Amino acid sequence: MTSGSGYQWCGCRDCFDTVVGTVGMLTLCDDCAEAGCEIQDGECQREDAYGN
194 MTSGSGYQWC GCRDCFDTVV GTVGMLTLCD DCAEAGCEIQ DGECQREDAY GN
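For the sequence shown, the numbering used here assigns the number 194 to the initial residue and increments by one for each residue that follows.
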């Protein structure tokens, strides 16, 4: 079985951005990575999260 890459949802629990990542592995978008978000843990830390 081979795994490739493709578009998927950001690994941040509350972010709805898409990111190119490895199939089957969660990946944070650049904005969430810079904000210090964690994959599937806690709230989104981006300044623009939740309409703020």
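Beta carbons: idealized from backbone N, C-alpha and C, even for Gly.
Just so we're clear, the structure is a prediction, and the values are computed from it rather than from any experiment.
Which residues share a DSSP beta bridge with residue i?
| i | result |
| --- | --- |
| Gly278 | Here the chain comprises residues numbered 194 to 245, so residue 278 is not present and cannot be evaluated. |
| Ala231 | For clarity, residue 231 is Glu in the given sequence; the question names Ala instead. For Glu231, which the question treats as bridged, DSSP gives the partners Asp234. |
| Cys205 | Ile232 |
Taking its Cβ as the centre, do 16 or more other Cβ atoms sit within 10 Å of residue i, making it buried, or is it exposed?
| i | result |
| --- | --- |
| Val216 | exposed |
| Cys229 | The sequence as given places Gly at residue 229; Cys does not occur at that position. Exposed: under 16 other Cβ atoms inside 10 Å. |
Any chance the CB of residue i is under 8 Å from a heavy atom of the ligand ADP?
| i | result |
| --- | --- |
| Gly217 | The ligand ADP is not among the ligands present in this structure, which contains no ligands whatsoever. |
In angstroms, rounded to a whole number, what distance separates the CA positions of residue i and residue j?
| i | j | result |
| --- | --- | --- |
| Asp234 | Gly197 | 25 Å |
| Leu219 | Asp210 | 13 Å |
| Leu221 | Tyr243 | 17 Å |
Excluding five sequence neighbours on each side, which residues of the same chain lie with their C-beta closer than 8 Å to the C-beta of residue i?
| i | result |
| --- | --- |
| Gly199 | Val213, Gly214, Val216 |
Looking only at its own chain, which residues have a Cβ that is under 6 Å from the Cβ of residue i, when we skip the five neighbours before and after it?
| i | result |
| --- | --- |
| Arg206 | Gln233 |
| Gln238 | Ala228, Gly229, Cys230 |
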